[in-house]
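Worksheet: the structure to be examined is printed underneath.
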């Protein structure tokens with residue numbers, strides 16, 4: 001009797017996380033359109049020197065100059081000219097380069113800082129982290145995280161700080177003590193007593209530093225610092241920091257002007273945005289690592305002898321990648337928005353470097369005389385921020401395993 005073969009069914013092909021995410025993402029039409037817009041914007045920004053019909057900083061020099069200012073959009077000038085006769089379309093293209101540079105650089109540097117601080121705070125939460133240990137300290141009953149190189153560096157920093165305090169004390173003692181030691185009379189015993197007490201404290205601290213062991217919970221330090229930063233109004237602090245860095249009397253301002261010239265404001269605004277942009281990323285990574293470090297695969301990796309660096313960056317970090325991608329996408333748009341606000345207020349990108357923010361700031365002075373100058377930079381800011389928000393929304397739905405897309 002012939003046996004009947006059973007029908008075979010095709011085995012379903014397994015798909016990777018990113019393949020499934022891309023399949024879900026394609027169903028989010030607004031996010032897909034936003035991705036196309038952002039890619040085109042990046043390409044246009046990169047090819048701006050080839051696409052722009054005019055130099056963005058060039059001003060008319062011949063003919064009737066008055067007729068070349070505030071020109072309406074035409075075939076010669078697609079978006080018209082500004083109050084100095086510069087082509088608005090060319091400035092929009094070059095301004096896009098600045099916005100992309102500021103947005104992506106600030107977001108990526110903030111991502112790097114936030115990931116490192118967040119994963120250290122989350123992984124070592126509740127465990128003492130050794131940042132100083134004296135060279136004569138005993139190891140008995142002391143089981144902190146072992147960082148031999150950091151021990152040497154922190155020892156040098158500790159005694160360097162003591163030297164700084166001693167030098168400061170000698171300076172603050174004034175000429176009275178120095179005159180007393182020089183035998184010129186005019187010194188005061190009060191100044192000498194203050195100097196002796198200060199140096200005595202330095203000596204006690206130096207002896208303590210030979211034997212002391214000091215540990216600190218990085219999670220507590222980072223969390224309290226973030227809480228402190230969140231209590232400060234963001235915009236006023238950004239304005240103050242931007243003004244301090246742009247001050248040509250300061251060391252940073254002088255170096256930036258001497259090195260980068262007119263582009264110094266670009267580096268300064270990126271520095272300002274990075275100084276506060278890492279906070280959200282650090283909180284996100286810390287919270288995720290706190291919940292993941294007790295999982296079985298982390299315990300298994302530790303039991304197999306995996307180093308702490310490997311556990312953190314080989315096993316924990318990949319599991320935080322999805323929320324990091326979403327957060328970084330949103331941070332790019334947020335950085336562009338903050339740069340536009342600072343430039344609009346006069347504390348961001350400075351002329352003659354074009355950016356959408358300073359273009360919008362200058363156009364407000366001629367709102368009734370040339371209202372067309374407002375629409376181009378304002379519309380580009382609005383559309384770009386909206387695109388990054390839609391892209392982040394689509395990535396969130398695509399990378400969320402509970403999504404129904």
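Numbering (my numbering), first residue to last: 1 to 405.
All C-beta atoms in this analysis are idealised placements derived from N, C-alpha and C, irrespective of residue type, glycine included.
For residue i and residue j, I'd like the C-alpha separation in whole angstroms.
i           : j           : result
residue 114 : residue 324 : 10 Å
residue 339 : residue 99  : 8 Å
residue 384 : residue 296 : 42 Å
residue 18  : residue 26  : 12 Å
residue 23  : residue 398 : 8 Å
residue 45  : residue 229 : 34 Å
residue 83  : residue 42  : 28 Å
residue 69  : residue 86  : 8 Å
residue 370 : residue 71  : 8 Å
residue 234 : residue 277 : 11 Å
residue 357 : residue 300 : 52 Å
residue 312 : residue 20  : 26 Å
residue 54  : residue 336 : 25 Å
residue 282 : residue 119 : 8 Å
residue 367 : residue 354 : 19 Å
residue 244 : residue 346 : 13 Å
residue 344 : residue 381 : 12 Å
residue 232 : residue 292 : 31 Å
residue 316 : residue 305 : 16 Å
residue 407 : residue 352 : Lying outside 1 to 405, the shown extent of the chain, residue 407 is not represented and no answer is given.
residue 374 : residue 28  : 32 Å
residue 108 : residue 362 : 30 Å
residue 395 : residue 101 : 22 Å
residue 52  : residue 393 : 32 Å
residue 298 : residue 322 : 19 Å
residue 348 : residue 359 : 11 Å
residue 78  : residue 236 : 37 Å
residue 400 : residue 263 : 41 Å
residue 258 : residue 36  : 39 Å
residue 38  : residue 303 : 45 Å
residue 227 : residue 350 : 32 Å
residue 294 : residue 376 : 52 Å
Whole-angstrom Cβ separation of residue i and residue j, contact assumed at under 8 Å?
i           : j           : result
residue 242 : residue 270 : The Cβ separation is near 11 Å, so there is no contact.
residue 284 : residue 327 : 6 Å
residue 342 : residue 222 : Not a contact, Cβ separation roughly 26 Å.
residue 266 : residue 110 : Actually they do not touch by this definition, with Cβ atoms about 16 Å apart.
residue 125 : residue 290 : 6 Å
residue 406 : residue 97  : Outside the displayed span of the chain (1 to 405) sits residue 406, for which this structure offers no information.
Can you name the residues that DSSP bridges to residue i?
i          : result
residue 87 : 81
Smallest Cα separation from residue i: which of the options?
i           : options               : result
residue 50  : 291, 221, 80 and 90   : 90
residue 280 : 112, 126 and 124      : 112
residue 333 : 52, 301 and 391       : 391
residue 218 : 121, 60, 267 and 289  : 121
residue 105 : 272, 203 and 116      : 272
residue 288 : 117, 30 and 47        : 117
residue 34  : 393, 394, 387 and 396 : 387
residue 286 : 220, 232, 400 and 381 : 220
residue 433 : 379, 125 and 30       : The chain is shown from 1 up to 405; residue 433 falls before or after that span and cannot be answered.
residue 331 : 40, 103 and 349       : 103
residue 40  : 80, 77 and 93         : 93
residue 372 : 389, 36 and 80        : 80
residue 329 : 308, 365, 389 and 302 : 389
residue 308 : 258, 294 and 123      : 123
Taking only beta-carbon positions, decide if residue i is within less than 7 Å of chain B.
i           : result
residue 284 : Any reference to chain B falls outside this structure, which holds one protein chain only.
(request) Enumerate, from N- to C-terminal direction, the unbroken alpha helix (DSSP H) stretches of 4 or more residues contained entirely within the stretch 312-354. (result) Every alpha helix (DSSP H) of 4 residues or more that sits fully in the stretch 312-354 is shown, in chain order, as 321-344.
(request) Give, in chain order, every unbroken run of the alpha helix (DSSP H) that is at least 4 residues long and sits entirely within the stretch 14-52. (result) If we require 4 residues or more, the alpha helix (DSSP H) runs fully inside the stretch 14-52 come out as 17-26, 29-46 and 48-51.
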